[in-house]
Amino acid sequence: MLLERNCKLLSNVILLLSLICLGSIIISIFGVRGNWFGIRAGFTAIGYLVQAGVLVLIAGLIVFYLSRNDKRSFIKSGFALILVLIPVVAHYATTQPEKKVPGAPLNDISTDTVNPPLFDAVASLRPAKSNSLKYPGVKAAKRQEELFPDITSIPSSLSRESAFKRALDIAETMNWDIVSQDVNTGIIEAVASTIAFDFKDDVVIRIQSATTGSLIDIRSHSRIGRSDRGKNAQRVREFITQFKQ
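Heads up: the sequence shown is residues 1 to 245, going by UniProt numbering.
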């Protein structure tokens with residue numbers, strides 16, 4: 001009887017905490033999207049809330065197990081687990097933490113760091129306080145090589161025209177807004193938006209002729225923020241994977 005009463009109380013507490021956690025994360029996300037507060041403050045808040053969510057998740061699992069003989073408490077604690085599991089999984093699934101190596105945070109990833117593709121058409125679409133479109137240079141290239149050594153140019157047996165069409169199809173499949181496409185120059189420029197915060201990142205793809213076919217390079221650059229939390233690298237990797245399929 002005592003365990004049953006405790007399960008009822010604990011299941012209510014876990015459900016309340018999960019609702020508070022989920023609601024606070026949603027408020028933080030819309031706060032960043034609506035510029036109610038700064039990006040850093042929003043990310044910091046979400047980081048702490050996700051950590052709290054993990055603790056609620058662990059406690060919820062215990063209550064879920066203990067209340068298996070009480071149908072109402074079992075359902076409540078199970079529902080609470082689902083509520084808190086969604087943001088926790090989404091956070092860790094979409095965030096790629098950078099390794100602790102010397103150097104400034106990255107917000108510009110390119111398959112060619114020596115002669116990176118250049119932005120042109122997207123320049124007029126960027127807000128006044130956006131990051132510079134100038135590639136950050138040797139230090140950034142070295143840091144990228146340490147963090148993402150697999151991100152390199154894509155050699156292809158496809159002709160330049162065929163590779164251009166394939167790159168354009170992939171960009172559209174990835175739901176990027178195509179800003180400019182020119183098969184003569186081999187340049188495609190697009191804008192990619194993040195799901196949660198609706199951040200705008202600029203992407204440029206360059207297709208060049210090569211001895212055995214073509215060479216494809218892609219560059220993804222964040223308009224705001226010093227660190228992209230691995231998002232640009234994730235986007236470039238996804239493009240590379242799809243192109244090679």
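Where a beta carbon is used, it is the ideal one built from N, C-alpha and C, also for glycine.
Short CB-CB distance (under 8 angstroms) between residue i and chain C
i, result
"I14", "The structure shown contains no chain C, having only a single protein chain."
Start and end residues, beta strand (DSSP E) containing residue i
i, result
"L215", "213-222"
"S110", "108-110"
"S180", "177-182"
Coil, strand or helix - residue i by DSSP
i, result
"R160", "helix"
"V84", "helix"
"D120", "coil"
"A190", "strand"
"Q245", "coil"
"D203", "The sequence shown places Val at residue 203, rather than the Asp named in the question. V203 falls in the strand class under three-state DSSP."
"T173", "helix"
"R126", "coil"
"V236", "helix"
"Y65", "helix"
Span of the alpha helix (DSSP H) around residue i
i, result
"residue 246", "The requested residue 246 is not part of the displayed model; the chain covers only 1 to 245."
"K139", "138-147"
Distance, residue j Cα to residue i Cα
i, j, result
"I178", "S193", "12 angstroms"
"P136", "G47", "28 angstroms"
"P105", "P155", "28 angstroms"
"V203", "V54", "34 angstroms"
"Q242", "G213", "18 angstroms"
"V114", "E145", "12 angstroms"
"L125", "V84", "37 angstroms"
"I216", "N131", "25 angstroms"
"D182", "A167", "12 angstroms"
"S209", "K165", "14 angstroms"
Residue from the options whose Cα sits closest to the Cα of residue i
i, options, result
"F119", "L22, F64, Q245, E189", "E189"
"L17", "I205, V56, L61, E145", "V56"
"S24", "Q245, L9, V88", "V88"
"Q234", "S220, R226, D70, G225", "S220"
"K142", "A45, S162, T173, D112", "D112"
Opposing strand residues paired with residue i [DSSP bridges]
i, result
"P155", "L215"
"Q208", "L215"
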